[in-house]
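In the working numbering, the protein residues as written are 29 to 383.
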């Protein structure tokens, strides 16, 4: 045995450069192993939190059978002051799922759309939209509405809660889309007399089997702005609970399971909204402000639509706005979006600030 020890000591050690390579390979392998373990554990924790949040909250109200009634569409009136957002809804569908896109374009080719007959219903519209009757806590309840009906009596403009002003208005797309769909079955008048004057593009249907697209009226941006912080002794924010309950609800719907959610429209317009649920609902068509904080497998140009921020600056009238030749300075935006939390030497050298 002493002879064997001496024999081992006499063996030549590997060159220094080989030892460095071995150390580097070992370090790299351990780092990759640690990162894989961390990613796996983090994914399991997030899924567990989301499921736990959903289990702690009651199921959404409403009976699935109500969506498959054989009766006619029930009118859902809305204030006349609400601007039309039907074109955004139609664009979202045409950019999204190919099956839905073909259905909507076929409807448009069938002759519906201009409202020349004086009516705007499911037969004349280019797009038939089913609106999920989510509880008020997902939409107008965040604005203080506590009515007993599924939706506000939108024939009276005073009955519809106002969206908060300031910077909140930038991400109010879901609010206006919801109101636009609710107003789509009001008496239609192409010339503006005796009814609403609006293009007959997207019309609400109450029979889910007639729908081309399913709109999810979740005010995700408002939920992030108002409910993302913990309050009191809460261990989970209200924003996370709403996301978990929404995911749980949609996954149980026959309409979602039919196409895997590809014919659904969701509006997480704020870049930080729906952080926990966005991947689980990524099969749906998203209406976003940009792709800045989304991986390409969750949001991309193949299925999603970029909607501009709502204008919060006073607009000039036609008589106040100078013509093109009268403007001494012309400005435009160039390049990709750069978020305020992106910084560093590389960013500064690649994107020098120019005013």
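Glycine residues also receive a C-beta, built at the ideal position from the N, C-alpha and C atoms.
Pick from the options that is closest to residue i, judged by C-alpha positions
i	options	result
residue 272	302, 227, 154	302
residue 209	155, 232, 344, 267	232
residue 228	355, 239, 215	215
residue 213	345, 318, 281, 234	234
residue 327	244, 357, 343, 295	295
residue 269	180, 354, 252	252
residue 206	184, 179, 192	179
residue 305	195, 358, 267	267
residue 312	348, 332, 346	332
residue 162	176, 258, 325	176
residue 282	150, 160, 348	160
residue 149	186, 226, 173, 184	226
residue 323	310, 334, 315	310
residue 334	315, 325, 321, 185	315
residue 194	173, 347, 340	340
residue 5	52, 256, 152, 185	With the chain covering 29 to 383 only, the question about residue 5 has no answer from this structure.
residue 254	192, 185, 285, 204	192
heavy atom of the ligand MG below 7 Å from residue i C-beta
i	result
residue 187	The ligand MG is not among the ligands present in this structure, which contains no ligands whatsoever.
The beta strand (DSSP E) enclosing residue i, as first and last residue numbers
i	result
residue 313	313-316
residue 157	155-159
Supposed contact pair residue j and residue i - C-beta distance, whole angstroms, cut 8 Å
i	j	result
residue 242	residue 291	6 Å
residue 211	residue 188	About 10 Å separates the two Cβ atoms, so there is no contact after all.
residue 157	residue 239	6 Å
residue 249	residue 297	5 Å
residue 244	residue 293	7 Å
residue 289	residue 278	7 Å
residue 318	residue 299	7 Å
residue 338	residue 197	5 Å
residue 308	residue 264	The pair is not a contact, with the Cβ atoms about 17 Å apart (cut-off 8 Å).
Counted within 10 angstroms of its Cβ, other Cβ atoms place residue i as buried (16 or more) or exposed
i	result
residue 260	exposed
residue 92	At residue 92 the pLDDT is 45, less than 50, meaning the model places this residue with poor confidence; the figure from the coordinates comes in the next sentence. It is exposed - the Cβ of residue 92 has fewer than 16 other Cβ atoms within 10 Å.
residue 48	exposed
residue 65	exposed
residue 165	buried
residue 342	exposed
residue 57	exposed
residue 168	buried
residue 87	Caution applies to residue 87, whose pLDDT of 48 falls short of 50 and renders its modelled position unreliable; the model cannot decide the point.
residue 46	exposed
residue 200	buried
residue 360	exposed
residue 185	exposed
Chain B within 8 Å of residue i, Cβ atoms only
i	result
residue 280	Annotation note: the requested chain B is absent from the structure, which comprises a single protein chain.
Run through the stretch 180-252 for me and flag every whole alpha helix (DSSP H) of 4 or more residues, listed as ranges in chain order.
201-210
Going residue by residue through the stretch 259-305, where are the continuous beta strand (DSSP E) segments of at least 3 residues, counting only ones entirely within it?
292-294
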